[in-house]
Structures are given as structure tokens and as C-alpha cells.
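Asks: The structure that follows is given in the form of C-alpha cells.
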Amino acid sequence: MAYRGVRAGFLNVTDPIGPLPSVQSAVVGSHPLPSIAFSYIRGAQWIDQDVLVSVISQVESFEVAQKANNFSHASGPTPMFSIESALDVNVYINVTSQGECATITAAYANNFFTYWPSRLYCLVHINSLASTLQMVTASGQAIVYPQASDDAFVFNSVSNVATNADCVQACRVKGNCAGIEYASAAKTCKQYQPRGSTFPDVVAGWVYDPVSNVDSGGVQYSQMTMSALPAAYVKESIPGVASLQACASSAKTKANTLFGYNANTKVCVMYAPIASATKQLSLVNTPLVPVLLSGTFGSDVVSGAMTASTASDCYKLCVPSQNLCFASVFDSATKTCTYVQPSFDAASTLGWIIPKTLPDTMTTVNQVDFYVTAHQDDHELFMSAPIYYSIKNPSTKSVFVYMSAGDASRTDGWWQARETGTLAATKSWVNSFGMYTPVARVETVLMNGHHIQKISIGNAIHYFLRLSESDLESVLNNNLQRSPLDRPTEAYAGAGAVKAVVKSIILAEAKAVAKVTASYSNYLINPSDDHVLHVASGRVTAELLNSDALFKSCVSQTPYFGYQFWLDAVNMKDPEKLSQRALWLSLSVGIYNQHGSYTWSDHSPELGRTYSSTPVIKTAACAF
Numbered sequence: 215m216a217y218r219g220v221r222a223g224f225l226n227v228t229d230p231i232g233p234l235p236s237v238q239s240a241v242v243g244s245h246p247l248p249s250i251a252f253s254y255i256r257g258a259q260w261i262d263q264d265v266l267v268s269v270i271s272q273v274e275s276f277e278v279a280q281k282a283n284n285f286s287h288a289s290g291p292t293p294m295f296s297i298e299s300a301l302d303v304n305v306y307i308n309v310t311s312q313g314e315c316a317t318i319t320a321a322y323a324n325n326f327f328t329y330w331p332s333r334l335y336c337l338v339h340i341n342s343l344a345s346t347l348q349m350v351t352a353s354g355q356a357i358v359y360p361q362a363s364d365d366a367f368v369f370n371s372v373s374n375v376a377t378n379a380d381c382v383q384a385c386r387v388k389g390n391c392a393g394i395e396y397a398s399a400a401k402t403c404k405q406y407q408p409r410g411s412t413f414p415d416v417v418a419g420w421v422y423d424p425v426s427n428v429d430s431g432g433v434q435y436s437q438m439t440m441s442a443l444p445a446a447y448v449k450e451s452i453p454g455v456a457s458l459q460a461c462a463s464s465a466k467t468k469a470n471t472l473f474g475y476n477a478n479t480k481v482c483v484m485y486a487p488i489a490s491a492t493k494q495l496s497l498v499n500t501p502l503v504p505v506l507l508s509g510t511f512g513s514d515v516v517s518g519a520m521t522a523s524t525a526s527d528c529y530k531l532c533v534p535s536q537n538l539c540f541a542s543v544f545d546s547a548t549k550t551c552t553y554v555q556p557s558f559d560a561a562s563t564l565g566w567i568i569p570k571t572l573p574d575t576m577t578t579v580n581q582v583d584f585y586v587t588a589h590q591d592d593h594e595l596f597m598s599a600p601i602y603y604s605i606k607n608p609s610t611k612s613v614f615v616y617m618s619a620g621d622a623s624r625t626d627g628w629w630q631a632r633e634t635g636t637l638a639a640t641k642s643w644v645n646s647f648g649m650y651t652p653v654a655r656v657e658t659v660l661m662n663g664h665h666i667q668k669i670s671i672g673n674a675i676h677y678f679l680r681l682s683e684s685d686l687e688s689v690l691n692n693n694l695q696r697s698p699l700d701r702p703t704e705a706y707a708g709a710g711a712v713k714a715v716v717k718s719i720i721l722a723e724a725k726a727v728a729k730v731t732a733s734y735s736n737y738l739i740n741p742s743d744d745h746v747l748h749v750a751s752g753r754v755t756a757e758l759l760n761s762d763a764l765f766k767s768c769v770s771q772t773p774y775f776g777y778q779f780w781l782d783a784v785n786m787k788d789p790e791k792l793s794q795r796a797l798w799l800s801l802s803v804g805i806y807n808q809h810g811s812y813t814w815s816d817h818s819p820e821l822g823r824t825y826s827s828t829p830v831i832k833t834a835a836c837a838f
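Number 838 marks the last residue of the sequence shown (the working numbering); no jumps.
The structure is reproduced here in C-alpha cells:
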């Protein structure tokens, strides 16, 4: 939980800053998952010791309450802080490394973190927006950050410093100087450093990922803040443009890939690189699929040499959070690889349109895997391992059916945000495999008299029935008539009506496909240990599959456990285990961006587990 508007500068820092080790840097992320570069100092923290102790005490109380909440199968989130923290900070639990803490920090568009490995706590600090602080990497590179630090962490201030470069060099030679702020008019150089920690394993880190993807208004593009290109590459300038989104729309209309927008002047520009027969730009997009643009830039654009023998390998070496690169350049004639950086401009954003180069629909379907659950996140939490391989196969269709809206009796947009979260998780999977475009296709389909929202992302299809949780229990367990939240005039008469809709979905999505599987929540073994809706949704799905003549001889079934094994041994292996953590972060950020709720910690302790009861394998081919 964050408390906006409170800055770390008002801390009462009481302990003197002790000698700290040197700055170190690292890159985390196993291809094809995104890579994040970050820097850190061991034995240090971006928080006063007394405040840290207070915050940790509240986090420990949260962990106890959250475990009890999950044991009771309550649906709503548990607040983390019982009193207002003295510092603007979010705490994430069950964070397995400082690299994952850096990844979480960057995913929420923040820059500073304190990681405590013995507790698996990640404290993400939220400071005021600014563009004057430069943080330093282990190699001595200074990068302008979009957030300020605070005078509480100034450990040295030097006067009569001639240039910014001199200020950076003075920081660099100290080894344990984390950042600087240079005032050119006053010729002063402030040097920043985190506080020394009484806990030797605590790490103070900083990270900045300048590139983010936008999918809005039918336009998909990447944006890089505080960035521009030299005027020599401007081929058109458009004044009076209201927003970055409008500039991106104009670029798409003009079929121009590179564009820039200045928020102060409201000027939108179209960029064009220098033509080249052998050089190609690979603009940053997903780990496997760059945005390709023929040409290169001259010496007026900062570049650096990298070693790679193919354009694909060259692209993998461009990590924006490491050196602010926005593209790699590969010369097919000389087999040379370089990265390119934009110029710094606090008011400008550099952008590039993401063209449709991947399919958004399947041409061949050899298998259909259905995942029928009560809530939007049940499959990410309890069925993640098989889904990884299902979506990874381009000829396998994964179909997710959510019986409840996941509303938790809330009317504040919570269930809509949970839908957004699960779609964000699917995009994470689709992006990591690079077979389909991650752009969602939204439609409303009619199934047995019910208009149902269907959203497709590549080879993953989502159906949202949107019965409230309380009403779904009434329908499935008491056979009562209830209406979905979004369609009050289209009531489900009872459990049979829900089964009929699920049957229609199976017939629609698996038509003429011989191999069909279905996964659902276990309902026979220790049902009292699981959520009542997990049990009910699993029961009615199994009843349908086992009784219907079309399904009972050909649809293989796997029941998955939910809370019954939620704290048993971690049994998932990489790469699906790493992928689950990445998609859970995507889900959490998706919910936060729409609803403002932080949900990583609600179920992060349960990650890494996929437990199933005995599968029921059917060998006959389906013929729907």
C-alpha cells in the first residue's frame, strides 16, 4: 500500500552513513523473458533504520493475516499497513532475489528499492518526479532518472565543479557513490548514497527501464521517455498536437515508424533514419520480435559496439535499462553490431509504431485445451505448468472459461480489473513465445441465450460468464436462478444452464478437432480445504464431461488442486516456474494500472506449485 505525496526527504535520519562497498551492476532475465539491468550496493538501504523496523513489523502482521485469509478462502485482499507509513513505500513479499525485486520495481515504473533476502522482502520506494538526478552504474555510466532521491541521502556536496562530467567523475572515483545532481548555474555537485544497514544482507538498488509498450485506441507503439533524436532526422514537424497518443496515431496514419513528441511545445515530429543497403535497425519490442526498420544513424547519435554474428543475436544485446539503447544496428555485410541511444530531452518522448508482423488468429488447430475455473486467476495460480506448454505450442488452442466475475462482493471496479489482470498475464505468455501478436481481439458471442464477452490473444481464448461470486454459489450449489453482473436480463436458471453454456463453448472452440482436453478444480479430495467456488465449478464441469455423449469418451480430464496444497513443496520446474512469476507480475501490474490495488503479495507465497489428482485419459478422437 502506498501513500502518495509523502517524500523520503522528510525522514529523520539519525544514524551516520558508514563506509559502504562499491556499486555493482547486474542483468536479470532468462531469454525469452525480458532482461532488466540494475545497480546496487550491499549492506545498504534507501530507508531509515527505525522506519524499516516499523514497516517490517507491519509486513509480518500482514503475512499472518493473509495466511489466515487464504485458509478461510475469503476473496478480498488484506491491507498490508495498519497505520500510515512514514515513507512512501510498497512492500512485496516472497520476492526470491534482488533481480526480481529490481524487475518488480521497474514493472511498476519506479526506480529505487531495498531488498532483504533473508526475509524475501522487496521494498519499492516512490519519490517525486524529476529529471535532474543521475544514477551511476558499476562501469561509471551516469543515467538521468525520472524520480528524485532526497537530501537525506546526500553524503557529500562539492562546490566549484566546472561541468556535469566533472561531477560524474568525482562520484565515479569514490566507488560507492550511487548518484549525483549537478547544478550548472551554481556549479555545485551533490553526491548520493544509500544508508548503511544494520542488516548485512540488505541491498539498496536502483533501476530504470525507459521503454514501455502502449496499446490504446487501436495503435500499438513503444515509448521512451525523456528522449529525442537530432533535428537532422526530422522529416516532418506537426505543431499543435494535443498528446503523445495523438502523435502516435498520426505516425500510424502516415505509415511512419519513428516519431517524437514534445509535451511543452505540443510538436509531433516524424523521424527517418539514414538509408542503408546493409544496415538494419531492430527497435526494442518483445524479447523475440523487434520492430525492424532499414537504415542507420550517423555519428550524431550515440552508439556503442557489441559482439554478435546475427541480427537476432545483436538485438538480444540491446537492454534499455542497461545503457538507454532503443535499438540495435546490424550490418549484414560486415557482421558488426552496435546499439544506439537517443539524446536526453526532459520534455520529449521518442516512440515507434509496432506493426502487425505476427498472426492474431490460428490457421492450424491440432489440439484444444480447456481450463474451466471459478475465478480469473485460478489457472495462473494452480494450473500454470500445463498452460505454459499449451500456449507455447502454436497449433494448440488454450480456452479459459471463468464462471464467476471474481467480484468479492465489491462494486468498485474490482472484477473488471481482475479481468484486465488475467489478460495481461496471457500477453506475458504470448510475448515470451513470439508466435502471435499480443493484441487482444474483443467480441460478444451468443451462447444459449447468453451474450458473453470473448477475448482472444493469439492462441489463448477467454470467456467471461460474470456471475457474481455469491450468485454463482446459489446457481451451482442451490440450483437457483441468478443473472450475470453485466447482463441482468439474461438469467441462468440453474446449474444446468451454466453447463449448457460451457458445452456450447466447447463445441464452438473444438469443432472438428480430434484431441481435446479439459482441466478444472478438484472437487473430490479434501473439498473443505478449498474455496467453495473452486469445488462447485470443478464438480459441474466434471458432471458435464462425464455425462454428455459427445464428451465422455474423448475429452481427457485433469483435476487440479487449489488451496489443498497451496503451501506444500514447490514442484514446478524452470522454465514454467520462472514464467509463472513473470506472468503473476504482469497480472498484478495490470490490476494496479486499472484499479490501483497492489496484488502481488496476495498470492505470491503460493507460486511454484501445480498439484493435480489422477488424470482421466481418453483415447478416442473427438468429432464435434
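For each residue, glycine too, the CB sits at the ideal point set by N, CA and C.
Going by C-alpha distance, which of Gly648, Gly672, Asp545 and Tyr616 is nearest Glu683?
Replies: Here residue 683 refers to the residue found at position 469 of the sequence shown. Answer by Cα proximity: Tyr616.
Asks: Counting only the same chain and skipping the five closest in sequence on each side, list residues whose C-beta sits under 8 Å from that of Ile231.
Replies: In the sequence shown, residue 231 corresponds to position 17, counting from 1. At Ile231 the pLDDT is 48, less than 50, meaning the model places this residue with poor confidence; the figure from the coordinates comes in the next sentence. The residues are Phe369, Gln407, Arg409 and Gly410.
Asks: According to DSSP, is Pro246 part of a helix, a strand, or is it coil?
Replies: Position 32 of the sequence shown holds residue 246. Here Pro246 sits in coil by DSSP.
Asks: I'd like to check one pair, Ile671 with Thr640: are the Cβ atoms closer than 8 Å?
Replies: Mapped onto the sequence shown, residue 640 falls at position 426. Mapped onto the sequence shown, residue 671 falls at position 457. Yes.
Asks: Per DSSP, Thr346 forms a beta bridge with which residues?
Replies: Stepping through the sequence shown from its first residue, residue 346 is reached at position 132. Partner(s): none; Thr346 has no beta bridge.
Asks: Quick check on the DSSP output: what are the complete alpha helix (DSSP H) runs of length 4 or more inside the segment 683 to 749, in order along the chain?
Replies: List check, alpha helix (DSSP H) in window: 683 to 692 and 709 to 723.
Asks: Along the chain, which unbroken stretches of the alpha helix (DSSP H) at least 4 residues long are found entirely within the segment 482 to 555?
Replies: Qualifying alpha helix (DSSP H) stretches, in chain order: 525 to 530 and 534 to 537.
Asks: Would you give the residue range spanned by the beta strand (DSSP E) that Phe584 belongs to?
Replies: Position 370 of the sequence shown, counting from 1, holds the residue named residue 584. Start and end: Gln581 to Thr587.
Asks: Out of Phe544, Tyr734, Gly663 and Ser441, point me to the one whose CA is closest to Tyr585's CA.
Replies: Here residue 585 corresponds to residue number 371 of the sequence shown, with the count starting at 1. With distances taken between Cα atoms, Tyr585 lies closest to Tyr734.
Asks: With the cut-off set at 8 Å, would you say Trp798 and Glu633 are in Cβ contact?
Replies: What you label residue 798 is simply residue 584 of the sequence shown in a count that begins at 1. What you label residue 633 is simply residue 419 of the sequence shown in a count that begins at 1. No, they are not a contact pair.
Asks: Between which two residues does the alpha helix (DSSP H) holding Lys466 run?
Replies: Numbered from its first residue, the sequence shown carries residue 466 at position 252. It spans Leu458 to Thr467 - the alpha helix (DSSP H) in which Lys466 sits, taken as one unbroken run.
Asks: Which value, in whole angstroms, describes the spacing of the CA atoms of Ser761 and Ala638?
Replies: Working through the sequence shown from its first residue, we reach residue 761 at position 547. Working through the sequence shown from its first residue, we reach residue 638 at position 424. Whole-angstrom Cα-Cα distance: 35 Å.
Asks: Could you check if Asp844 is buried or exposed, using at least 16 other CB atoms within 10 Å of its CB as the buried criterion?
Replies: Since the first residue of the chain shown is 215 and the last is 838, residue 844 is not available in this structure.
Asks: With 16 other CB atoms within 10 Å as the buried threshold, where does Ser618 fall?
Replies: If you number the sequence shown from 1, residue 618 lands on position 404. Classification of Ser618: buried, given that the 10 Å Cβ count is 16 or more.
Asks: Who does Ala356 pair with in a DSSP beta bridge?
Replies: Walking along the sequence shown from the start, residue 356 turns up at place 142. Looking at the DSSP assignment, Ala356 forms a beta bridge with Val350.
Asks: Report yes if the C-beta distance between Val644 and Ala599 is below 8 Å; otherwise report no.
Replies: Within the sequence shown, residue 644 is the residue found at index 430, counting from 1. Within the sequence shown, residue 599 is the residue found at index 385, counting from 1. No, Cβ-Cβ distance for Val644 and Ala599 is not below 8 Å.
Asks: Report the three-state DSSP secondary structure of Tyr447 (helix, strand or coil).
Replies: Indexing the sequence shown from 1 puts residue 447 at position 233. Of the three classes helix, strand and coil, the one that applies to Tyr447 here is helix, per DSSP.
Asks: Please name the residue, chosen from Thr731, Gly419 and Asp574, that lies closest to Ala352 on a Cα-to-Cα basis.
Replies: Looking up residue 352 in the sequence shown gives position 138. When each option's Cα is compared against that of Ala352, the closest is Gly419.
Asks: Excluding the 5 residues preceding and the 5 following Tyr322 in the sequence, name in chain order all residues of the same chain whose CB lies nearer than 8 Å to its CB.
Replies: Counted from its first residue, the sequence shown places residue 322 at position 108. Result list for Tyr322: Asn304, Val338, Val803 and Tyr806, in chain order.
Asks: Which of the three DSSP states is assigned to Val237 in this structure?
Replies: In the sequence shown, residue 237 corresponds to position 23, counting from 1. DSSP places Val237 in coil when its eight states are reduced to three.
Asks: Counting beta carbon pairs with one atom in the segment 699 to 710 and one in the segment 603 to 616, are three or more of them shorter than 8 Å?
Replies: The segment 603 to 616 is not in contact with the segment 699 to 710.
Asks: When the Cα atoms are used, what is the spatial distance from Asp788 to Ser697?
Replies: Against the sequence shown, residue 788 aligns to sequence position 574. Against the sequence shown, residue 697 aligns to sequence position 483. Cα to Cα, the separation comes out at about 42 Å.
Asks: Can you tell me whether Thr412 is buried or exposed, with buried defined as 16 or more other CB within 10 angstroms of its CB?
Replies: Numbered from 1 along the sequence shown, position 198 holds the residue referred to as residue 412. With fewer than 16 Cβ atoms within 10 Å of its Cβ, Thr412 is classed as exposed.
Asks: Please list the segments of the alpha helix (DSSP H) lying wholly inside the segment 780 to 825, counting only runs of 4 or more residues, in order along the chain.
Replies: Qualifying alpha helix (DSSP H) stretches, in chain order: 790 to 809 and 814 to 817.
Asks: Would you call the CB atoms of Gln849 and Gly752 closer than 8 Å?
Replies: Residue 849 falls outside the range modelled here, since the chain spans only 215 to 838, and no answer is possible.
Asks: Any heavy atom of the ligand GDP closer than 7 Å to the CB of Ser464?
Replies: Looking for the ligand GDP in the displayed structure turns up nothing, as the structure carries no ligands at all.
Asks: Using beta-carbon positions only, say whether Cys551 and Phe540 come within less than 8 Å of one another.
Replies: Numbered from its first residue, the sequence shown carries residue 551 at position 337. Numbered from its first residue, the sequence shown carries residue 540 at position 326. Not in contact: Cys551 and Phe540 (Cβ atoms no closer than 8 Å).
Asks: Using the rule of at least 16 other Cβ atoms within 10 Å of the residue's Cβ for burial, across every protein chain shown, is Ile739 buried or exposed?
Replies: Residue numbering aside, residue 739 sits at position 525 when the sequence shown is read from its first letter. Answer is exposed; the Cβ neighbour count stays below 16.
Asks: What residues in its chain sit with their C-beta under 6 Å from that of Pro819, if we drop five residues either side in the sequence?
Replies: In the sequence shown, counting from the first residue as 1, residue 819 sits at position 605. Excluding sequence neighbours, Pro819 sits near Asn308.
Asks: Run through the segment 255 to 282 for me and flag every whole beta strand (DSSP E) of 3 or more residues, listed as ranges in chain order.
Replies: For the segment 255 to 282, not a single whole beta strand (DSSP E) run of length 3 or above is found.
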